[in-house]
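Participant: In this note's numbering, the protein residues as written are 1 to 322.
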Ligand code: CP
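If you want it as structure tokens, here you go:
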């Protein structure tokens, strides 16, 4: 199955079949990263522009590595070193970049909807690498790949998402994806950081969303996803102190005992060690945090490949010939 969207703006727009295609393609591309020569010819001659208006370590680097592993040229632009700092608008920046005939534009922006604006202006495919508190689709896809690798399937899993839900694009994209694929999502965190009506994000899906206490969320969970307290978005104004946050909502080894014995712990990063999650969990046996990062490269290879017209059958042929 090919991918029929011009852009990847959010998980909300994707069908179960499209999500499965991306995950299956990512699994195939993981093989490229395990070779001593980490290169496939799939995007030879193509150009990928990474346009980042917010800081990023994992997403920006993995998009660049993904493009290069597929033999594309990758160009990184940050707001501070571009003419955006001289007052050029996002729309004019987009028009000028498109005039250089790139094949894909990847954008991260602090404003929800900025990638959608770019996608309306440009004929070039646009990938959302995180927009405000709205969506971060490739993060949810790499989380799903990691969960699928450990649990075999998403359907029927009990997934706890805990922390700063209000500011989290990761939570929104994951709720869309996990409930589409049939998981039940329990959400917990300080009441001031859980938007009213969050349960309704799953309306009409196979899985459901419930808002509960951290203990109820953890009880019998197959998967625990901890979210970063987004201090740069002033999240600390919503609770008395980081110490109290850690005391009431931080994941400790003791609290994790409420979950299933084969639970896995995810975190999108960057981690505030000792705030939302104890350091011994980050580095401990239940953590799959660095596997998430590895899978980020494979998922972004898959998305770049599919959005430029590749299909699953072709990727297998190309790898066989690589
Ligand atoms: N998970 C994530 O988006 O990390 P970065 O901000 O480092 O890209």
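Ideal placement from N, C-alpha and C gives every residue a C-beta, glycine not left out.
Under the rule that 16 or more other beta-carbon atoms within 10 Å means buried, what is residue 192, buried or exposed?
Facilitator: exposed
Participant: When the Cβ atoms of the segment 39-51 are set against those of the segment 170-178, are three or more pairs found closer than 8 Å?
Facilitator: no
Participant: When you compare only the Cα positions, how much space is there between residue 159 and residue 150?
Facilitator: 13 Å
Participant: What residue does the alpha helix (DSSP H) around residue 298 start on, and which one ends it?
Facilitator: 289-307
Participant: Taking the alpha-carbon of residue 111 as reference, which of 97, 298, 134, 16 has the nearest alpha-carbon?
Facilitator: Of 97, 298, 134, 16, the residue nearest in Cα terms is 134.
Participant: CB of residue 268 to nearest heavy atom of ligand 1: below 7 Å?
Facilitator: yes
Participant: Quick check: does the Cβ of residue 78 come within less than 7 Å of any heavy atom belonging to ligand 1?
Facilitator: no
Participant: Should residue 136 be counted as a contact of ligand 1 given a C-beta to heavy atom distance under 7 Å?
Facilitator: yes
Participant: For residue 183, does the count of other Cβ atoms within 10 angstroms reach 16, so buried, or fall short, so exposed?
Facilitator: buried
Participant: When the distance is taken between beta carbons, is residue 118 closer than 8 Å to residue 26?
Facilitator: no
Participant: With distances taken Cα to Cα, identify the nearest neighbour of residue 219 among 185, 238, 200, 228.
Facilitator: Selected option, being the one with the closest Cα: 185.
Participant: Indicate the three-state DSSP secondary structure (helix, strand or coil) for residue 208 in the structure shown.
Facilitator: In this structure, residue 208 counts as coil in the three-state DSSP scheme.
Participant: Cα separation between residue 178 and residue 128?
Facilitator: When rounded, the distance between both Cα atoms is 19 Å.
Participant: With DSSP as the reference, label residue 175 as helix, strand or coil.
Facilitator: Note: residue 175 maps to helix in three-state DSSP.
Participant: Taking buried to mean at least 16 other C-beta atoms within 10 Å of its own C-beta, is residue 115 buried or exposed?
Facilitator: buried
Participant: Does residue 42 come out as helix, strand or coil in the three-state DSSP assignment?
Facilitator: DSSP places residue 42 in coil when its eight states are reduced to three.
Participant: Rounded to a whole number of angstroms, what is the C-alpha to C-alpha distance between residue 102 and residue 124?
Facilitator: 7 Å
Participant: At what residue ranges does the segment 31-111 contain a whole run of the beta strand (DSSP E), taking only runs of 3 or more?
Facilitator: The segment 31-111 is shown to contain whole beta strand (DSSP E) runs of 3 or more residues at 47-52, 73-78, 104-109, in chain order.
Participant: Quick check on this structure: which residue in 140, 137, 147, 97 has the alpha carbon closest to the alpha carbon of residue 121?
Facilitator: 97
Participant: Are residue 318 and residue 42 closer than 8 Å when you measure CB to CB?
Facilitator: yes
Participant: Would you report the Cα separation of residue 169 and residue 11, rounded to the nearest angstrom?
Facilitator: Going from the Cα of residue 169 to the Cα of residue 11 covers about 11 Å.
Participant: With a threshold of 7 Å (Cβ to nearest heavy atom), would residue 110 be considered close to ligand 1?
Facilitator: no
Participant: Assign residue 228 to one of three DSSP states: helix, strand, or coil.
Facilitator: Coil at residue 228, not helix or strand.
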